[in-house]
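Participant: I have a structure I would like to understand better, so I am pasting it below and will then ask my questions one at a time.
Numbering (UniProt numbering), first residue to last: 1 to 275.
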């Protein structure tokens, strides 16, 4: 029996045993389940500024955990080794929500403030995020979500009571550009708008030469963000060649600073990254 996955805008209709676009969700016995639950590909104690978060617990460290799978297909992905492939259970270490929470607690004496769900797209396995974040919140530690924001609002609603801060990718401000990446601009806009009213959020736009580097687009993006809250921090970051875009030149530094200057006309907190 086919099953419909409603976690994101793709709404994959899956035959028995079939995986969705994200390569992390599968139809098992007529029910869509997360196949990456607790299977970690990456685990590191990172400065929180790497998420990037500049205005949430600055100077602290956070235990950062990632699995596999993503529902976008960005040709410039910096984590394509884990986001674009499907792992088998025997290839990875299973870490239960309880074990990860306990590990985070053990690192508190090294400055750890909690857990960040990052590296791949956490929301394609939102169940693990939810179950772990619930436990983390009970300890008094913090939870951070680093996401592309390409998920249904019911998924966001399920997580919001347990999330303290998010960095959300706003990859550009043109619907056609999002389509090229396998995404949907309106889905991300709705996600950002809703999240902004419930927890600390910061946004990141990676500037790709010839794709999303016009002053007009940044002007529209910054105005849209400001209409929600002009205090939302925006990270304007520089692209470097990687994955399927190795032949594309890095974004000129002056372009990044110029676009950041445009954003600053409307937003109070604009940061430049990778320069």
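All C-beta atoms in this analysis are idealised placements derived from N, C-alpha and C, irrespective of residue type, glycine included. These numbers come from a predicted model, not from an experiment.
Out of curiosity, what's the CA-to-CA distance linking residue 39 and residue 141?
Facilitator: Taking the straight line from one Cα to the other gives about 22 Å.
Participant: Quick one: is residue 25 buried, meaning 16 or more other Cβ sit within 10 Å of its Cβ, or exposed?
Facilitator: The residue is buried, with at least 16 neighbouring Cβ atoms inside 10 Å.
Participant: Counting C-beta neighbours from all protein chains within 10 Å, is the total for residue 139 16 or more, i.e. buried, or is it exposed?
Facilitator: Looking at its Cβ environment, which holds fewer than 16 other Cβ atoms inside 10 Å, residue 139 is exposed.
Participant: Quick one: residues in its chain with C-beta nearer than 6 Å to the C-beta of residue 266, no 5 flanking neighbours on either side, listed in chain order?
Facilitator: The residues are 222, 223, 226.
Participant: Rounded to a whole number of angstroms, what is the C-alpha to C-alpha distance between residue 135 and residue 251?
Facilitator: Spanning the two alpha carbons is a distance of roughly 41 Å.
Participant: If I measure Cβ to Cβ from residue 208 and keep anything under 6 Å in the same chain, skipping five residues before and after, which residues do I get?
Facilitator: Excluding residues within five positions, the ones whose Cβ falls inside 6 Å are 239.
Participant: Hey, out of 233, 269, 214, 103, whose CA is closest to residue 258's CA?
Facilitator: Checked all of 233, 269, 214, 103; the closest Cα to residue 258 is 214.
Participant: When we look at the beta-carbon of residue 211 and count the other beta-carbons within 10 Å, is it buried (16 or more) or exposed?
Facilitator: Buried, since its Cβ has 16 or more Cβ neighbours within 10 Å.
Participant: Quick one: using the 10 Å Cβ neighbour count with 16 as the cut-off for buried, is residue 109 buried or exposed?
Facilitator: When all chains shown are included, residue 109 counts as exposed.
Participant: Over the uninterrupted alpha helix (DSSP H) stretch that includes residue 105, give me the two end residues.
Facilitator: 97-106 is the extent of the alpha helix (DSSP H) around residue 105.
Participant: Is it true that the CB of residue 116 sits closer than 9 Å to the CB of residue 63?
Facilitator: The answer is yes: Cβ separation under 9 Å.
Participant: Pairing CB atoms from the segment 8-22 with CB atoms from the segment 46-57, are three or more of them under 8 Å?
Facilitator: With a cut-off of 8 Å, the segment 46-57 and the segment 8-22 do not count as touching, because too few Cβ pairs lie within range.
Participant: Determine the closest residue to residue 16 out of 77, 3, 253, 167, with distance taken between C-alpha atoms.
Facilitator: Among 77, 3, 253, 167, the Cα nearest to that of residue 16 belongs to 3.
Participant: Are the beta-carbon atoms of residue 153 and residue 190 separated by less than 9 Å?
Facilitator: Result yes, Cβ atoms of residue 153 and residue 190 sit closer than 9 Å.
Participant: What are the boundary residues of the alpha helix (DSSP H) that includes residue 218?
Facilitator: Residues 215-229.
Participant: Determine the DSSP secondary structure at residue 37, reduced to helix, strand or coil.
Facilitator: It is coil, neither helix nor strand.
Participant: Say yes only if the C-beta of residue 224 is nearer than 8 Å to one or more non-hydrogen atoms of the ligand FAD, and no if none qualify.
Facilitator: By its list of ligands, the structure shown contains no ligand whatsoever, and the ligand FAD lies outside what it can speak to.
Participant: I think residue 269 touches residue 231, with their Cβ atoms under 8 Å apart; what is that distance to the nearest whole Å?
Facilitator: About 7 Å separates the two Cβ atoms, so the contact holds.
Participant: Specify the secondary structure class of residue 144 as computed by DSSP and reduced to three states.
Facilitator: Strand.
Participant: Alpha carbon to alpha carbon, how far is residue 51 from residue 236? Give it in angstroms, no decimals.
Facilitator: Taking the straight line joining both Cα atoms gives about 13 Å.
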